[in-house]
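Asks:
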Amino acid sequence: MAAVAGRKSTNSPMCSIPPYDDLYAESNQGLLQALNKDWDRFLEVSKSQTFLEVLLTTQFQQDHFKADHLVGPPPVQIIAVHPQVVYETSTSVDDEFGRAVEWIGFNLWNRKIPLGASPTTVYTTINGERESRHGVMLHIHNKYSIGWTKGDDDSGAS
Numbered sequence: 477m478a479a480v481a482g483r484k485s486t487n488s489p490m491c492s493i494p495p496y497d498d499l500y501a502e503s504n505q506g507l508l509q510a511l512n513k514d515w516d517r518f519l520e521v522s523k524s525q526t527f528l529e530v531l532l533t534t535q536f537q538q539d540h541f542k543a544d545h546l547v548g549p550p551p552v553q554i555i556a557v558h559p560q561v562v563y564e565t566s567t568s569v570d571d572e573f574g575r576a577v578e579w580i581g582f583n584l585w586n587r588k589i590p591l592g593a594s595p596t597t598v599y600t601t602i603n604g605e606r607e608s609r610h611g612v613m614l615h616i617h618n619k620y621s622i623g624w625t626k627g628d629d630d631s632g633a634s
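Just so you know, this note's numbering puts the end of the sequence shown at 634, numbered straight through with nothing missing.
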């Protein structure tokens with residue numbers, strides 16, 4: 477590459493033009509700061525994810541992450557085999573803590589009203605007997621999760 481008059485030759489394929497250097501630097505700095513804010517917000521407010529969920533979210537959002545430039549966080553989180561501790565209430569038995577598994581679902585973490593949903597199974601011990609109930613879990617504002625399940629003889633809310 478030939479040297480530009482008055483400038484040293486670089487190995488860079490692009491020539492740098494002095495008056496525009498600062499504009500590019502400022503523009504890039506602004507873009508990087510915006511991306512940093514987006515990722516900080518994602519880590520702060522989105523739902524926690526297991527390694528499997530991060531892997532599936534990355535696969536599901538391939539086009540987003542394969543861009544030829546730096547990108548922000550994915551707009552959708554995948555929920556997969558996600559364990560939860562729940563507090564189950566039922567009309568027929570005492571309220572109890574239990575375990576739940578969200579099988580496969582989604583979370584739209586960055587919407588005006590963030591929402592997510594997934595089918596779930598709740599495992600509890602009622603009157604000394606182990607019981608499982610199947611239903612749905614809804615996620616609202618990345619903070620609140622509420623579910624409804626149906627067992628053999630009655631319904632429960634978690």
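Every residue, glycine too, gets a C-beta built ideally from N, C-alpha and C.
Which residues mark the beginning and the end of the alpha helix (DSSP H) in which residue 533 is found?
Replies: Numbered from 1 along the sequence shown, position 57 holds the residue referred to as residue 533. That run of the alpha helix (DSSP H) goes 527-536.
Asks: Rounding to the nearest angstrom, what Cα-Cα distance links residue 508 and residue 515 in this structure?
Replies: On the sequence shown, position 32 is the one that residue 508 refers to. On the sequence shown, position 39 is the one that residue 515 refers to. Computed Cα separation, rounded: 11 angstroms.
Asks: On the premise that residue 554 lies in contact with residue 541, defined as a C-beta separation below 8 angstroms, what is that separation, rounded to the nearest angstrom?
Replies: On the sequence shown, position 65 is the one that residue 541 refers to. On the sequence shown, position 78 is the one that residue 554 refers to. That belief does not hold up - the Cβ atoms of residue 541 and residue 554 are roughly 13 angstroms apart, past 8 angstroms.
Asks: What residues in its chain sit with their C-beta under 6 angstroms from that of residue 608, if we drop five residues either side in the sequence?
Replies: Taking the first residue of the sequence shown as 1, we reach residue 608 at position 132. Cβ neighbours of residue 608 beyond the five flanking positions: 597 and 599.
Asks: Of the choices 620, 572 and 585, whose alpha-carbon is the least far from that of residue 603?
Replies: Within the sequence shown, numbered from 1, the residue matching residue 603 stands at position 127. The option with the nearest alpha carbon to residue 603 is 572.
Asks: Let me know the secondary structure DSSP gives residue 546 once reduced to three states.
Replies: To locate residue 546, count along the sequence shown from 1; it is residue 70. Three-state DSSP puts residue 546 in coil, outside helix and strand.
Asks: Do you know whose CA, among 504, 521 and 548, lies nearest residue 512's CA?
Replies: Residue numbering aside, residue 512 sits at position 36 when the sequence shown is read from its first letter. For residue 512, the nearest C-alpha among the options comes from 548.
Asks: Skipping 5 residues on each side, what residues in its chain have a beta carbon closer than 6 angstroms to that of residue 614?
Replies: Locating residue 614 in the sequence shown gives position 138, where the first residue counts as 1. 593 and 622, listed in sequence order.
Asks: With a threshold of 16 other CB atoms inside 10 Å of the CB of residue 529, please say whether the residue is buried or exposed.
Replies: For the purposes of this step, residue 529 is taken as residue 53 along the sequence shown, with counting starting at 1. That one is buried.
Asks: Is the separation between the beta-carbon of residue 588 and that of residue 610 shorter than 8 angstroms?
Replies: Counting from 1 along the sequence shown, the entry for residue 588 is found at position 112. Counting from 1 along the sequence shown, the entry for residue 610 is found at position 134. Going by C-beta atoms, residue 588 is not nearer than 8 angstroms to residue 610.
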